[in-house]
Amino acid sequence: MAVIVTGAAGFLGRHLVTALLEDGHEVAGFDNFVTSDRDDLAELLHRQQFVFHEMDVAGHDFRRVAGEIDATAIYHLACPTGVPNLGPLALEMLEASYNGTRAVLDVARADGATVVFASSAEVYGDPTVSPQHEGYTGNVDTLGPRKGYEEGKRVGETLCAVYAERYGVPAKIARIFNTYGPGMSLRETRVVPAFVRAALSGASLLVHGDGSQLRCHTYATDMVDGLRRVAQRGMPGAAYNLGSQDAKTVLATAQAVIALTGSRSPIERVERPAHDHEARLPDTTRAERELGWHPTTPFEVGLRLTVDDIARRLEARRDAATSVGSPT
Numbered sequence: 071m072a073v074i075v076t077g078a079a080g081f082l083g084r085h086l087v088t089a090l091l092e093d094g095h096e097v098a099g100f101d102n103f104v105t106s107d108r109d110d111l112a113e114l115l116h117r118q119q120f121v122f123h124e125m126d127v128a129g130h131d132f133r134r135v136a137g138e139i140d141a142t143a144i145y146h147l148a149c150p151t152g153v154p155n156l157g158p159l160a161l162e163m164l165e166a167s168y169n170g171t172r173a174v175l176d177v178a179r180a181d182g183a184t185v186v187f188a189s190s191a192e193v194y195g196d197p198t199v200s201p202q203h204e205g206y207t208g209n210v211d212t213l214g215p216r217k218g219y220e221e222g223k224r225v226g227e228t229l230c231a232v233y234a235e236r237y238g239v240p241a242k243i244a245r246i247f248n249t250y251g252p253g254m255s256l257r258e259t260r261v262v263p264a265f266v267r268a269a270l271s272g273a274s275l276l277v278h279g280d281g282s283q284l285r286c287h288t289y290a291t292d293m294v295d296g297l298r299r300v301a302q303r304g305m306p307g308a309a310y311n312l313g314s315q316d317a318k319t320v321l322a323t324a325q326a327v328i329a330l331t332g333s334r335s336p337i338e339r340v341e342r343p344a345h346d347h348e349a350r351l352p353d354t355t356r357a358e359r360e361l362g363w364h365p366t367t368p369f370e371v372g373l374r375l376t377v378d379d380i381a382r383r384l385e386a387r388r389d390a391a392t393s394v395g396s397p398t
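Numbering-wise, the numbering used here comes out as the position in the sequence shown, counting from 1, plus 70.
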C-alpha cells in the first residue's frame, strides 16, 4: 500500500517514513526544506520503496503529483517549525496549515485516503487548564508572537473536521506534544537537543527564568506509534492528544542532561521570553481508550539514546572539519 508523508525530511517525518518502510509500505515523501536539512534525508533516499519529491504542499503541483500516487493514507506533517521561526516564517506556517492542508484533503477526497493531520499542543496556546484535554478550547492570542503556528494548526484542524463532515473524508487529528529522540537537527532549538549540545561542548545550559516550566517529552518512536494508531483507529474529525504523562521541569531536564553526559557545564538562568508557556501536559484518556496508545519509553532511556546520537554526529562533524582543514 502506498502512503504519503508530507514534511518527510523533518525529524518526526523521517522516523515515520522509516517505520512505514519497515512494515513494507511504499512511501512517497514531500518536503521543501524550509526548516529541515537535506543531509538528514540522505539515508532514506537509498531505500527502494521510498520516493521523494522536493515540493511545497501549498504549491500548484502538489495536487497533481500526489494524486497520481493513489495513496491509501496521507500523514500531513509539513509545516515550518522552531521558536526562532515563529516571526520570520509565520506566513509560511499559515500557508502550509491552510493551503497545504486543503490540498492534502482534496487529494484524499479523490483517492478515498485516510488523512492524519499533525496538529500540535500549540492549539491550546498558554493553557489555563492542566492537564489539557481535547475539549479544552485553549487560551490563544491571535495577535501574539506565536500566532502563525498556533492559528495555522487550529485552522488545519477545522479544515479536517469540515471535510470529514461535508465530504466524508476520514481526516483525523493528532495533537502532538514535545517530541525528542535520535536524528534531531543539530540546529534544533528545543530544550532537549539544545541542552545536550551545550553539555557535550562544555557551554552553559541556558534556562529561561527559574526553570519551573513543565514540559512532557515523548520519544519519537512512541509518537510514530501514536500517529499510526490515529490513522488506523481514530474517528474522522476527532482530535487525539499524543504526549507523555511524565512531566519534567525545564531545570530538571537540564540537570538530567548534565548528569547523563558527565558534563561540567554550568546552568545559566536567562530572562524568560514573554511568550514562554508555563505548562504543557496532555490528558491522554481519549488516546488510551480509543487507540490503545500510551508511550512506553522512559525518559531516562530515551535521553541516553538521544545523547549518544548527538554525540556521535557532533564527533563526525568535527572529524569532517578536521579532514577538510588538514594539508594533503
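Glycine residues also receive a C-beta, built at the ideal position from the N, C-alpha and C atoms. All values reported here derive from a predicted model rather than from experimental measurement.
Whole-number beta carbon distance between residue j and residue i, since they are thought to touch under 8 Å
| i | j | result |
| --- | --- | --- |
| Ala98 | His123 | 7 Å |
| Ala143 | Thr184 | 5 Å |
| Asp176 | Arg134 | Not quite, the Cβ-Cβ distance comes to about 11 Å (not below 8 Å), so this is no contact. |
| Trp363 | Gly307 | Incorrect: roughly 19 Å between the Cβ atoms, too far for contact. |
| Ile243 | Ala309 | 4 Å |
| Val377 | Leu321 | So it is not a contact: roughly 18 Å between Cβ atoms. |
| Ser282 | Thr323 | In fact, because the Cβ distance is near 12 Å, the residues do not count as touching under 8 Å. |
| Val121 | His95 | With 8 Å as the limit, Val121 and His95 do not qualify as a contact, their Cβ atoms being about 12 Å apart. |
| Asn102 | Glu204 | That pair is no contact at about 30 Å. |
| Arg236 | Ser189 | About 19 Å; that fails the 8 Å criterion. |
| Ala349 | Pro197 | 7 Å |
| Pro158 | Thr259 | Their Cβ separation, rounded to whole angstroms, is 13 Å, which puts Pro158 and Thr259 out of contact at 8 Å. |
Where residue i sits in the DSSP three-state scheme
| i | result |
| --- | --- |
| Arg334 | coil |
| Gln119 | coil |
| Phe100 | strand |
| Asn248 | coil |
| Thr88 | helix |
| Leu159 | coil |
| Ser274 | coil |
| Thr184 | strand |
| Val177 | helix |
| Tyr219 | helix |
| Pro154 | helix |
| Tyr310 | strand |
| Leu229 | helix |
| Gln325 | helix |
| Pro240 | coil |
| Gln302 | helix |
Cβ neighbours of residue i in the same chain (closer than 7 Å, five flanking residues each side left out)
| i | result |
| --- | --- |
| Glu162 | Val104, Pro150 |
| Leu156 | Pro215, Arg216, Gly218, Tyr219 |
| Asp379 | Pro252, Gly253 |
Test item: CB-CB of residue i and residue j under 8 Å
| i | j | result |
| --- | --- | --- |
| Arg342 | Gly251 | no |
| Leu361 | Cys286 | no |
| Ala399 | Ala173 | Outside the displayed span of the chain (71 to 398) sits residue 399, for which this structure offers no information. |
| His130 | Val186 | no |
| Arg383 | Leu256 | yes |
| Gly238 | Asp181 | no |
| Thr212 | Tyr289 | no |
| Val210 | Gly195 | yes |
| Gln402 | Leu86 | Any property of residue 402 remains undetermined from this structure, which presents the chain solely from 71 to 398. |
| Gln202 | Asp353 | yes |
| Val199 | Val266 | no |
| Phe81 | Gly253 | yes |
| Ala166 | Ala191 | no |
| Val294 | Ala112 | no |
Own chain, CB closer than 6 Å to residue i, minus 5 neighbours either side, in chain order
| i | result |
| --- | --- |
| Ala381 | Leu270 |
Chain-order list of residues whose beta-carbon lies under 8 Å from that of residue i (same chain, five-residue window excluded)
| i | result |
| --- | --- |
| Arg108 | Ala79 |
| Arg387 | Leu256 |
- Task: Take every Cβ of the segment 270–282, pair it with every Cβ of the segment 328–339, and state whether three or more of those distances are shorter than 8 Å.
- Result: Contact between the segment 270–282 and the segment 328–339 is present, because at least three Cβ pairs lie under 8 Å.
- Query: Three or more C-beta pairs closer than 8 Å, one from the segment 364–376 and one from the segment 298–307: is that the case here?
  - Reply: These segments do not touch.
- Query: Is the number of C-beta pairs between the segment 222–230 and the segment 345–361 that are closer than 8 Å three or more?
  - Reply: These segments do not touch.
- Should the segment 154–169 be called in touch with the segment 214–221, which here means at least 3 C-beta pairs below 8 Å? With a cut-off of 8 Å, the segment 214–221 and the segment 154–169 count as touching, because enough Cβ pairs lie within range.
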